[in-house]
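Data first, discussion second: the structure below is written as structure tokens.
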Amino acid sequence: EKEGHLRWDSLGEFLALGASLEHLALTFDNHRARVLAETLNDGVAMFLEKNKSPSRKVHEIDNRGSHFYLALYWAEAAARQDKDEHLRATFTKVATALR
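Each number in our numbering comes from the position in the sequence shown (counting from 1) with 208 added on.
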């Protein structure tokens with residue numbers, strides 16, 4: 209019987225996305241990309257602190273859950289930041305919807 213459990217640890221991809229946003233910020237002096245990179249890194253830190261990586265065990269968190277939590281923690285970090293009001297307002301709505 210199929211379990212429907214997918215375990216692929218995407219931590220490397222999450223970190224690479226943060227590095228890509230940092231590169232974009234530096235290369236093009238893009239303030240919003242910098243804020244997104246910083247808040248993604250904060251979201252990844254919370255993701256790791258709360259141990260939301262996919263489990264090897266069926267009926268525990270898998271990729272769907274881990275990606276949800278990264279989106280939630282990133283949105284919460286972006287909603288807390290005070291460097292870009294537009295991003296804060298946008299991500300406050302996202303974080304509220306995900307809670």
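All C-beta atoms, glycine included, are put in the ideal place defined by N, C-alpha and C.
Here Lys258 carries a coil assignment [DSSP, helix/strand/coil]. If you draw a straight line from the Cα of Ala245 to the Cα of Ala285, it comes to about 11 Å. In the three-state scheme derived from DSSP, where H, G and I count as helix and E and B as strand, Arg240 is classed as helix. Annotation for Asp290: Arg296 place their beta carbon closer than 8 Å to its own, counting only its chain and skipping 5 residues before and after.
The beta-carbon separation of Gly226 and Asn259, rounded to 19 Å, does not stay under the 8 Å limit for a contact.
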